[in-house]
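In the numbering used here, the protein residues as written are 505 to 659. From the three backbone atoms N, C-alpha and C, an ideal C-beta is built for every residue, glycine too. Read through the structure below, which is laid out as structure tokens, and then see the notes.
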Amino acid sequence: MRCNFLKKYALFLFLAFLFLAFFPTNALEVKFNEKTICYSPLTSNLTLTVDYTHSVSLTKVVDVYCINKSGIFAVQERWQQFGAGQPLEANVENGFYVKNMNMYLGESWEYWFIPLNNVTVVLNGKIIFSKPGEEGIMRFELLKIPAIIAIIRWC
Numbered sequence: 505m506r507c508n509f510l511k512k513y514a515l516f517l518f519l520a521f522l523f524l525a526f527f528p529t530n531a532l533e534v535k536f537n538e539k540t541i542c543y544s545p546l547t548s549n550l551t552l553t554v555d556y557t558h559s560v561s562l563t564k565v566v567d568v569y570c571i572n573k574s575g576i577f578a579v580q581e582r583w584q585q586f587g588a589g590q591p592l593e594a595n596v597e598n599g600f601y602v603k604n605m606n607m608y609l610g611e612s613w614e615y616w617f618i619p620l621n622n623v624t625v626v627l628n629g630k631i632i633f634s635k636p637g638e639e640g641i642m643r644f645e646l647l648k649i650p651a652i653i654a655i656i657r658w659c
């Protein structure tokens, strides 16, 4: 009788684990050239920083994003020299032009990088991608994925 109870209990725990493991969760997927680098569950606001060398002016650019269940928001851009694609209005702070904003970008955002850009991507203070040896497209996208995948491939 006790053995029967233990089997039922073990079966219950196994089924509960399966349910939780495959329960869909909101996550940020980070890809480079269609290869997934990692996922980050959206349990709170994420801060994403993309630091790179501008391919025209060859100076540093830092883009900062806030990511949550509502989408991807550009919150700040910092750059050292005006060049192609830079905003025309900005404040100056510590040798950088700085533009603060709160611009909704949607549920996905892409960059095209070449090795010259020396890109570094930081998520919540942790480097998750740095200086690829090939050109390619960096993609950030909000998805619903099974919780187990988010846990296994967590950034």
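What is the DSSP secondary structure of residue i, reduced to helix, strand or coil?
i	result
P619	helix
A578	strand
N537	coil
C507	helix
Which residues does DSSP list as the beta-bridge partners of residue i?
i	result
S634	T624
F600	E597
G640	F617
S544	L532
S612	E645
K564	T557
C570	T551 and F577
Would you mind giving the Cβ-Cβ distance between residue i and residue j, rounded to the nearest angstrom? I have them listed as a contact below 8 Å.
i	j	result
L552	F644	7 Å
L609	C659	In fact, because the Cβ distance is near 19 Å, the residues do not count as touching under 8 Å.
N621	T557	5 Å
L646	E614	Not a contact, Cβ separation roughly 13 Å.
Taking the CB atoms as reference points, tell me whether residue i and residue j lie closer together than 7 Å.
i	j	result
Q661	N604	No answer is possible for residue 661: it lies beyond the span of the chain, which begins at 505 and ends at 659.
N530	L546	yes
Less than 6 Å between C-beta atoms, sequence neighbours within five positions excluded: which residues of the same chain meet that for residue i?
i	result
Y601	W583 and A594
V566	D555 and R582
V568	T553, V579 and Q580
R657	C542 and Y543
In its own chain, which residues sit with a C-beta less than 8 Å from the C-beta of residue i, not counting the 5 before and 5 after it?
i	result
I632	V534, I541, C542, V625, V626 and C659
K630	C659
P619	K635, P636, G637, E638 and E639
K648	P528, T529, N530 and A531
F536	F633, P636, G640, I641, M642 and R643
S559	I618, L620 and N621
G575	Y608, L609, G610, E611 and L646
Looking only at its own chain, which residues have a Cβ that is under 7 Å from the Cβ of residue i, when we skip the five neighbours before and after it?
i	result
C507	none
Does residue i get closer than 7 Å to chain B when you measure Cβ to Cβ?
i	result
C507	Any reference to chain B falls outside this structure, which holds one protein chain only.
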